[in-house]
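A.B. asks: Quick one: this structure, given as structure tokens, is what I'll be asking you about.
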Amino acid sequence: MQSISPETIYRGNYAWEESLPKITKITKSPLILGRGVQTNNLRNNIFNDLKNQNLNVNSANLHFDCCHEDISRVKNIISNNNNDSVIAAGGGKVLDSGKYIADSLDIPCITVPLSASTCAGWTALSNIYTKHGQFIKDVALRSCPKILVFDHKFIQTAPSRTLASGIADALAKWYESSITSSKIDDGLVQQAIQISRVLRDQLLIDGGKAFKGQFENNPSWQNTVEACGLTAGLVGGIGGEKCRTAAAHAIHNAITQIITPNEFLHGEIVGVGLLLQLKLEEMKNNNKLADQLIKQLFVLMKELNLPTTIGQLGINVFENNNLEKIADFTCRDKSEIHFLPFEINKRDIIEVISNFEQQKIKT
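In our numbering, the protein residues as written are 455 to 817.
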């Protein structure tokens, strides 16, 4: 079975208010899940709005990450309160946690993204980390969220850094799926890849304008946040597990093993991984366009204040065996790196990172 999209999607200004009648039909005792202190006021407003609908509302916060410790603790809270749904309001880690918890308890999940940093509000997938932020695995869920509320007013309150991160993560959809899945004889997969190409083009055109522009009456901003938070999720929904991630996310997962926890956002790390994937394609697959693509991405990433090297993520790869640690985890069994259509080993990873960290990109 393939879960393509949330059952109901509300989008635009006042999407939250529009969703309330539907929410009250599927839940009488929701638990609101969040994390950051920066979004406390928004979550309090959500809490009060639900209270005003005569719902029995509880709340809980993640202490760490989308990790087993937090998941177990919140599941106990839900059981003790007899909550009948999870409303996950926050960024990607909160959304992934809420989906996973709801799936394991067989109750509905309502996702309310408070930034455009990922497409986690859409997908039937949760990434599991240690409580220190180290990637462990991704888990396929039985279904996408019951309701997705993508309220532009909420997204506008997020730091611009989260939008830049979302752009980098969404761009990876094309560069990863086009090389891993382009030869798969499946119509939906091919359509998903083409959607990801349009998504990439949209972000290259509008991403920089959205990052610097105003919210009101700004089509570039609206196009970009919905591309990151909605369209990127649609690509994964239509393409399913055959529409693969590749080196960009494999390298992200490896970097999380040694990076300072929660100092950098998911997409910020994926963006560095994406540049390294293109260097691998140039080195191992004779991709003649790779250098041009790197320069194109580099210009946008600098405009978005995104890191472009592992060093800019606060890691010196030439100390503490960091290079070897990244290569080991990137090339571990069942890593996404092995979805590339050419063989990659640890020596390749060490070589490409060593060269990339020392070179200057001329644009």
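Idealized CB from N, CA, C, for every residue including glycine.
Spell out a yes or no on whether the region 706-720 and the region 643-655 are touching, meaning 3 or more CB-CB pairs, one atom from each, closer than 8 Å.
C.D. replies: With a cut-off of 8 Å, the region 643-655 and the region 706-720 do not count as touching, because too few Cβ pairs lie within range.
A.B. asks: Exposed or buried, which one is Met-455 when buried takes at least 16 other CB atoms within 10 Å?
C.D. replies: The sequence position of residue 455 within the sequence shown is 1, counting from 1. Exposed.
A.B. asks: With three or more beta-carbon pairs closer than 8 Å as the criterion, would you say the region 674-683 touches the region 758-772?
C.D. replies: No, the region 674-683 is not in contact with the region 758-772.
A.B. asks: For Leu-688 and Asn-536, what's the separation of their Cα atoms in angstroms?
C.D. replies: The residue given as residue 688 occupies position 234 in the sequence shown. The residue given as residue 536 occupies position 82 in the sequence shown. The alpha-carbon atoms of Leu-688 and Asn-536 are separated by roughly 32 Å.
A.B. asks: Between Ser-526, Asn-581, Asn-499, Ile-531, which lies nearest to Ala-514 when the distance is taken from Cα to Cα?
C.D. replies: As a working note, residue 514 is residue 60 in the sequence shown. Ranking the options by Cα distance to Ala-514, first place goes to Ile-531.
A.B. asks: Measuring alpha carbon to alpha carbon, tell me which of Val-806, Thr-634, Phe-669 ends up nearest Gly-694.
C.D. replies: Counting from 1 along the sequence shown, the entry for residue 694 is found at position 240. For Gly-694, the nearest C-alpha among the options comes from Thr-634.
A.B. asks: Indicate whether Phe-608 and Lys-733 have their beta-carbon atoms separated by less than 8 Å.
C.D. replies: For the purposes of this step, residue 608 is taken as the residue at position 154 of the sequence shown. For the purposes of this step, residue 733 is taken as the residue at position 279 of the sequence shown. Cβ atoms of Phe-608 and Lys-733: not closer than 8 Å.
A.B. asks: Just curious, the beta strand (DSSP E) that Leu-602 is in, first and last residue?
C.D. replies: For the purposes of this step, residue 602 is taken as the residue at position 148 of the sequence shown. Taken as a continuous stretch (DSSP letters only), the beta strand (DSSP E) holding Leu-602 covers 601-605.
A.B. asks: Who does Cys-563 pair with in a DSSP beta bridge?
C.D. replies: In the sequence shown, residue 563 corresponds to position 109, counting from 1. Answer by DSSP bridge pairing, in chain order: Val-540.
A.B. asks: How many angstroms separate the CA atom of Lys-637 from the CA atom of Arg-654?
C.D. replies: Sequence index remark: in the sequence shown, residue 637 carries index 183 (1-based). Sequence index remark: in the sequence shown, residue 654 carries index 200 (1-based). Roughly 20 Å between the two C-alpha positions.
A.B. asks: With 16 other CB atoms within 10 Å as the buried threshold, where does Phe-796 fall?
C.D. replies: Counting from one through the sequence shown, the residue named residue 796 turns up at place 342. Its Cβ having fewer than 16 others within 10 Å, Phe-796 is exposed.
A.B. asks: Bridge partners for Leu-579 per DSSP, in chain order?
C.D. replies: Position 125 of the sequence shown, counted from the first residue, corresponds to residue 579. Per DSSP, Ala-594.
A.B. asks: Looking only at its own chain, which residues have a Cβ that is under 7 Å from the Cβ of Leu-504, when we skip the five neighbours before and after it?
C.D. replies: Counting from 1 along the sequence shown, the entry for residue 504 is found at position 50. Around Leu-504: Pro-484, Val-511.
A.B. asks: Alpha carbon to alpha carbon, how far is Ala-612 from Asp-623? Give it in angstroms, no decimals.
C.D. replies: Taking the sequence shown and counting its residues from 1, the one referred to as residue 623 is at position 169. Taking the sequence shown and counting its residues from 1, the one referred to as residue 612 is at position 158. Their backbone Cα atoms lie some 17 Å apart in a straight line.
A.B. asks: Just curious, the alpha helix (DSSP H) that Ile-647 is in, first and last residue?
C.D. replies: Translated into positions along the sequence shown, residue 647 becomes position 193. Counting along the chain, the alpha helix (DSSP H) containing Ile-647 begins and ends at 641-666.
A.B. asks: Determine the burial state of Ala-578: buried for a count of at least 16 other Cβ atoms within 10 Å of its Cβ, exposed for fewer.
C.D. replies: For this step, residue 578 is matched to residue 124 along the sequence shown. Ala-578 is buried by the Cβ-count criterion.
A.B. asks: Looking at Leu-602: is its Cβ nearer than 8 Å to the Cβ of Ile-463?
C.D. replies: Here residue 602 is taken as the residue at index 148 of the sequence shown, counted from 1. Here residue 463 is taken as the residue at index 9 of the sequence shown, counted from 1. Result yes, Cβ atoms of Leu-602 and Ile-463 sit closer than 8 Å.
A.B. asks: Among the residues of its own chain, which have a CB less than 8 Å from the CB of Trp-470, if the five just before and after it don't count?
C.D. replies: The residue labelled residue 470 in the question sits at position 16 within the sequence shown. For Trp-470, where only same-chain residues beyond five positions count, the Cβ hits under 8 Å are Tyr-464, Ile-500, Asp-503, Val-566, Val-603, Asp-605, Lys-607, Phe-608.
A.B. asks: Is Ser-619 near His-720, with beta carbons less than 8 Å apart?
C.D. replies: As a working mapping, residue 619 is identified with position 165 in the sequence shown. As a working mapping, residue 720 is identified with position 266 in the sequence shown. Against a cut-off of 8 Å, the Cβ pair of His-720 and Ser-619 comes out as a contact.
A.B. asks: In whole angstroms, what is the alpha-carbon distance linking Asn-799 and Ile-649?
C.D. replies: Taking the sequence shown and counting its residues from 1, the one referred to as residue 799 is at position 345. Taking the sequence shown and counting its residues from 1, the one referred to as residue 649 is at position 195. Cα-Cα distance, rounded: 31 Å.
A.B. asks: In three-state DSSP terms, what is Tyr-468?
C.D. replies: By one-based count along the sequence shown, residue 468 stands at place 14. Coil, per DSSP.
A.B. asks: Spatial neighbours of Arg-527 within its chain, please: C-beta separation below 7 Å, excluding the five flanking residues on both sides.
C.D. replies: Locating residue 527 in the sequence shown gives position 73, counting from the first residue. Answer for Arg-527: no residue qualifies.
A.B. asks: Given Gly-667, which residues of its chain have a CB within under 7 Å of its CB, disregarding the five upstream and five downstream residues?
C.D. replies: The residue you call residue 667 lines up with position 213 of the sequence shown. Taken in chain order, the residues that qualify are Ser-674, Trp-675.
A.B. asks: Do Ser-473 and Ser-597 have their beta-carbon atoms positioned less than 8 Å apart in this structure?
C.D. replies: Within the sequence shown, the letter at position 143 stands for residue 597. Within the sequence shown, the letter at position 19 stands for residue 473. No. Outside cutoff.
A.B. asks: What are the start and end residues of the beta strand (DSSP E) that includes Gly-687?
C.D. replies: Within the sequence shown, the letter at position 233 stands for residue 687. Taken as a continuous stretch (DSSP letters only), Gly-687 belongs to no beta strand (DSSP E), being part of the alpha helix (DSSP H) at 686-693.
A.B. asks: Measure the alpha-carbon distance for Thr-493 versus Asn-741 and round it to whole angstroms.
C.D. replies: Indexing the sequence shown from 1 puts residue 493 at position 39. Indexing the sequence shown from 1 puts residue 741 at position 287. Computed Cα separation, rounded: 43 Å.
A.B. asks: Buried or exposed for Arg-497, please, with buried defined as at least 16 other CB atoms from any protein chain shown within 10 angstroms of its CB.
C.D. replies: Position 43 of the sequence shown, counted from the first residue, corresponds to residue 497. By the neighbour-count rule (16 or more Cβ atoms within 10 Å), Arg-497 is buried.
A.B. asks: For Lys-600, which residues in the same chain have their Cβ closer than 8 Å to its Cβ, ignoring the five residues on either side in sequence?
C.D. replies: The count along the sequence shown starts at 1 and reaches residue 600 at position 146. Taken in chain order, the residues that qualify are Pro-460, Glu-461, Thr-462, Ile-480, Ser-539, Pro-562, Cys-563, Ile-564.
A.B. asks: Taking the CB atoms as reference points, tell me whether Asp-551 and Leu-487 lie closer together than 8 Å.
C.D. replies: Indexing the sequence shown from 1 puts residue 551 at position 97. Indexing the sequence shown from 1 puts residue 487 at position 33. It is worth fixing the name first, because residue 551 is Ser in this sequence and not Asp. Going by C-beta atoms, Ser-551 is nearer than 8 Å to Leu-487.
A.B. asks: So, are the CB atoms of Ala-701 and Leu-730 less than 8 Å apart?
C.D. replies: Here residue 701 corresponds to residue number 247 of the sequence shown, with the count starting at 1. Here residue 730 corresponds to residue number 276 of the sequence shown, with the count starting at 1. Closer than 8 Å, so yes.
A.B. asks: Along the chain, where does the beta strand (DSSP E) containing Ser-513 start, and where does it finish?
C.D. replies: Here residue 513 refers to the residue found at position 59 when the sequence shown is read from its first residue. Residues 512-515.
A.B. asks: What did DSSP end up calling Thr-824 once you bin it into helix, strand or coil?
C.D. replies: Here the chain comprises residues numbered 455 to 817, so residue 824 is not present and cannot be evaluated.
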